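Trainee:
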Amino acid sequence: MFTSQRVFYILVGLTAFVVGFGIAFALPQSLMWQAESKMSSESDGGESESAGFACPMFCVVMKEKPADEKCPVCGMELGEISRELVVDEQERSMIGLEVARIETRSLERRLSIWGEITYDEQGLNTVSARSAGWITQLEAKQTWQEVKAGDILAKIDAPEATSTLEELLVARRSGSKSLEEAQRERLELLGVDAVDIKKTLELGKAPRLTALRAPQKGTLVRRRITEGEYVKKGQSLFLVANLDRVWFELEVFEPDAPLLRRNGRVLLDRGDGSALIGASIDWIDPILDTQSRVLRARIELENLADAKGNRPFRIGQRLEATLLVAIDATGAPNPDLEAPEDVLALPRDAVLSTGKRKVAFVMTSSRQEQTASGRTFQRTVRELNSDRLPMRVGYELIELDLGPLSYEIGAQVRREFYPVRAARWVIEDGPSQLKEGWVVATKGALMLDAQAQLAGSPSLFFPQGSETSSSDPHAGH
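So the working numbering is basically just the index in the sequence shown, starting at one, shifted up by 33.
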């Protein structure tokens with residue numbers, strides 16, 4: 034059974050262990066291993082020529098071995114790191130290294146955007162009561178029924194319209210052309226159709242009920258009255274829409290708004306597994322929505338019904354579209370281009386990125402050559418066969434200025450590429466630019482980067498090399 038005093042000593046011991054362990058991880062290399070490194074140099078009789086030493090568990094990476102040649106964290110024996118950035122066939126197989134050629138390609142950026150199907154405003158028509166009265170007969174009793182121009186939607190008992198028809202008959206009997214014409218104009222203002230006026234003159238008797246007719250062919254999308262209801266003058270009764278053409282309104286967020294242009298190319302996905310529909314932008318809203326920070330654009334689409342009455346689009350339907358923007362020779366998206374221009378491109382898998390910094394590894398080989406004087410030297414070769422690499426292949430880090438992620442036009446396999454705007458070699462004697470035909474690592478590039486970091490060479494997170502970028506011995510932990 035533990036006494037309170039024994040528990041106290043146990044807690045003190047645990048606290049001291051945790052604090053000491055934390056200090057061991059927090060102290061920089063110069064403070065932790067200075068004495069050991071110095072002892073190792075003195076015992077070796079000079080400074081070590083190796084690139085460094087690493088723990089197999091990646092606890093520490095050190096320039097020099099401690100006196101016991103073991104990892105000060107886990108106690109495993111340290112291994113020597115080679116500064117030479119070369120991999121042979123076996124190592125390439127172990128890391129699954131794959132490469133690809135750098136080529137010029139025709140690219141386009143594809144921006145996914147969403148939109149909604151809505152009415153073509155040019156095909157909307159409202160039927161209103163031109164005079165007050167009672168809806169005695171309601172012919173259009175179902176919303177969404179199809180109507181034709183001139184179809185009777187309802188009959189209204191409107192005393193004003195009936196009295197005006199009687200006055201028209203009086204004007205006809207009087208033989209006064211001007212008076213008859215005045216009554217005709219008044220009837221038109223009251224919404225009496227020309228067919229009903231002609232029928233009244235032929236019968237010589239004014240009907241008690243006035244017909245309300247459909248002004249156009251379309252679909253009855255709204256009915257605001259019921260039979261027997263009293264309506265006031267000017268009251269809206271029906272809304273008829275021609276659905277043979279509809280609008281697809283796109284919503285593009287503010288950062289992508291500059292990519293919109295009139296006649297810009299768009300691929301529309303109906304979401305039913307059918308082929309994508311090619312279309313072009315017909316109109317762009319000149320005003321940005323200050324609440325949602327989106328810019329709206331419009332595409333006009335045909336929406337003809339088939340033999341069964343089914344239409345390809347429905348009002349209110351949300352659909353995904355793809356905006357296609359050509360990439361120009363500088364690697365930038367250019368919505369004013371009708372066709373993309375050839376640009377040097379890297380596969381997406383070849384690029385390693387921290388967000389702001391993007392790098393890739395170019396594969397190299399060494400070739401022994403002679404000068405005119407007979408002196409031999411090693412020349413770095415970057416024009417390699419991507420299908421058959423040499424037995425031993427090297428790799429170099431390059432920093433990249435890339436355009437947006439894009440797709441190759443006309444390719445059978447949908448692959449993503451980055452257009453290259455500029456490239457900077459990290460090594461001082463590197464080339465001035467990236468060239469077509471060179472080979473880059475696409476798979477296994479992270480393993481190459483890890484080896485470069487262990488060797489103290491420039492890498493993804495350490496542009497100047499890991500030895501000069503950090504003095505923390507636990508940077509590799």
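Note that beta-carbon positions come from the ideal geometry of N, C-alpha and C, so glycine has one too. Predicted model only: the values in this text are computed from it and were never measured.
1) Measuring straight from C-alpha to C-alpha, what distance separates Leu130 and Pro496?
2) Any chance the segment 429 to 439 sits against the segment 450 to 457, with 3 or more Cβ pairs inside 8 Å?
3) Report back the beta-carbon spacing between Ala173 and Leu157 to the nearest angstrom; my notes put them in contact at under 8 Å.
4) If you drop the 5 nearest sequence neighbours on each side, which residues of the same chain put their C-beta closer than 6 Å to that of Tyr263?
5) Compute the beta-carbon to beta-carbon distance between Ala204 and Gln216, rounded to the nearest angstrom, for a pair I have assumed lies under 8 Å.
6) In chain order, which beta strand (DSSP E) runs of at least 3 residues are fully inside the segment 191 to 273?
7) Would you list the residues sitting across from Arg143 in a DSSP beta bridge?
8) Mind the definition here: the segment 238 to 257 touches the segment 175 to 195 only if three or more C-beta pairs lie below 8 Å; say whether that holds.
9) Below 8 Å, how does it come out for the segment 466 to 477 and the segment 380 to 400: are there three or more Cβ pairs, yes or no?
10) Suppose you measure from the CA of Asp505 to the CA of Cys92; what does that come to, to the nearest Å?
11) Our contact map puts Ala362 next to Val376 with C-beta atoms below 8 Å; I'd like the distance itself, whole angstroms only.
12) Using only the alpha-carbon positions, how far apart do Glu441 and Leu385 sit?
13) Should Gly349 and Glu214 be called a contact, given that it needs their Cβ atoms to be closer than 8 Å?
14) So who's on the other strand from Ala455, going by DSSP bridges?
15) Write down the C-beta distance between Lys96 and Gly85 rounded to the nearest angstrom, noting that I regard them as a contact closer than 8 Å.
16) Between the segment 480 to 495 and the segment 405 to 417, do at least 3 Cβ pairs fall closer than 8 Å?
17) Mind reading off the beta-carbon distance from Asn296 to Ser313? Whole number of angstroms is fine, and I expect it under 8 Å.
18) Please state the DSSP three-state secondary structure of Met480.
19) Please report the straight-line C-alpha distance between Lys231 and Gly183, rounded to a whole angstrom.
20) So what does Gly166 bridge to, in DSSP terms?
21) Near Gly498, which residues of its chain fall below 7 Å by C-beta distance, leaving aside the five closest residues on each side in sequence?
22) When you compare the CB positions of Ile317 and Phe281, do they come within less than 8 Å of one another, or not?
23) Would you list the residues sitting across from Pro380 in a DSSP beta bridge?
24) By DSSP, does Pro491 sit in helix, in strand, or in coil?
25) Helix or strand or just coil, what does DSSP make of Met95?
26) Measuring only the C-alpha atoms, how far is Thr259 from Pro368?
27) What residues in its chain sit with their C-beta under 6 Å from that of Lys391, if we drop five residues either side in the sequence?
28) With 8 Å as the threshold, decide whether the Cβ of Pro192 is near any Cβ in chain C.
29) So, under 8 Å CB-CB, Asp121 and Met424 are touching, yes? Tell me the CB distance rounded to an integer number of Å.
30) Could you spell out the range, first to last residue, of the beta strand (DSSP E) harbouring Ile135?
Mentor: Short version:
1) Counting from 1 along the sequence shown, the entry for residue 130 is found at position 97. Counting from 1 along the sequence shown, the entry for residue 496 is found at position 463. Looking at the two C-alpha atoms, the distance is approximately 23 Å.
2) The answer is yes - the segment 450 to 457 touches the segment 429 to 439, with three or more Cβ pairs under 8 Å.
3) Position 140 of the sequence shown, counted from the first residue, corresponds to residue 173. Position 124 of the sequence shown, counted from the first residue, corresponds to residue 157. Not confirmed; about 16 Å, so no contact.
4) Taking the first residue of the sequence shown as 1, we reach residue 263 at position 230. Cβ contact annotation for Tyr263 (same chain, cutoff 6 Å, sequence separation greater than five): Trp167, in chain order.
5) Working through the sequence shown from its first residue, we reach residue 204 at position 171. Working through the sequence shown from its first residue, we reach residue 216 at position 183. Indeed, because the Cβ distance is near 5 Å, the residues count as touching under 8 Å.
6) 243 to 246, 251 to 256
7) The residue given as residue 143 occupies position 110 in the sequence shown. Per DSSP, Leu357.
8) The segment 238 to 257 vs the segment 175 to 195: in contact.
9) yes
10) Stepping through the sequence shown from its first residue, residue 505 is reached at position 472. Stepping through the sequence shown from its first residue, residue 92 is reached at position 59. Because Asp505 carries a pLDDT of 46, less than 50, the predicted location of this residue cannot be relied on, and the following value inherits that uncertainty. Using only the alpha carbons, I get a separation of about 11 Å.
11) Looking up residue 362 in the sequence shown gives position 329. Looking up residue 376 in the sequence shown gives position 343. That pair is a contact at about 6 Å.
12) For the purposes of this step, residue 441 is identified with residue 408 of the sequence shown, where counting begins at 1. For the purposes of this step, residue 385 is identified with residue 352 of the sequence shown, where counting begins at 1. Cα to Cα, the separation comes out at about 20 Å.
13) Here residue 349 corresponds to residue number 316 of the sequence shown, with the count starting at 1. Here residue 214 corresponds to residue number 181 of the sequence shown, with the count starting at 1. For Gly349 and Glu214, no; Cβs fall outside 8 Å.
14) Walking along the sequence shown from the start, residue 455 turns up at place 422. According to DSSP, Ala455 bridges with Asp434.
15) Translated into positions along the sequence shown, residue 96 becomes position 63. Translated into positions along the sequence shown, residue 85 becomes position 52. At roughly 5 Å, the Cβ-Cβ gap stays under 8 Å, so Lys96 and Gly85 are in contact.
16) no
17) What you label residue 296 is simply residue 263 of the sequence shown in a count that begins at 1. What you label residue 313 is simply residue 280 of the sequence shown in a count that begins at 1. That pair is a contact at about 5 Å.
18) Numbered from 1 along the sequence shown, position 447 holds the residue referred to as residue 480. It is helical.
19) Along the sequence shown, one-based indexing puts residue 231 at 198. Along the sequence shown, one-based indexing puts residue 183 at 150. When rounded, the distance between both Cα atoms is 14 Å.
20) The count along the sequence shown starts at 1 and reaches residue 166 at position 133. DSSP, once it has assigned bridges, lists Val264 as partnering Gly166.
21) Position 465 of the sequence shown, counted from the first residue, corresponds to residue 498. So the list reads Gly489, Ser490, Pro491, once near-sequence residues are dropped.
22) Within the sequence shown, numbered from 1, the residue matching residue 317 stands at position 284. Within the sequence shown, numbered from 1, the residue matching residue 281 stands at position 248. Contact: no.
23) Stepping through the sequence shown from its first residue, residue 380 is reached at position 347. Phe450.
24) Counting from 1 along the sequence shown, the entry for residue 491 is found at position 458. Three-state DSSP puts Pro491 in coil, outside helix and strand.
25) Taking the sequence shown and counting its residues from 1, one reaches residue 95 at position 62. Looking at Met95 - three-state DSSP - the assignment turns out to be strand.
26) The residue labelled residue 259 in the question sits at position 226 within the sequence shown. The residue labelled residue 368 in the question sits at position 335 within the sequence shown. Cα to Cα, the separation comes out at about 52 Å.
27) In the sequence shown, the residue the question calls residue 391 occupies position 358. Around Lys391: Val384, Leu433, Leu435.
28) Absent from the structure: chain C. Only one protein chain is present.
29) Residue mapping note: residue 121 aligns to position 88 of the sequence shown, counting from 1. Residue mapping note: residue 424 aligns to position 391 of the sequence shown, counting from 1. Yes, they are in contact, since the Cβ atoms of Asp121 and Met424 sit about 6 Å apart, within 8 Å.
30) For the purposes of this step, residue 135 is taken as the residue at position 102 of the sequence shown. Segment: none, Ile135 is in no beta strand (DSSP E) and carries neither H nor E.
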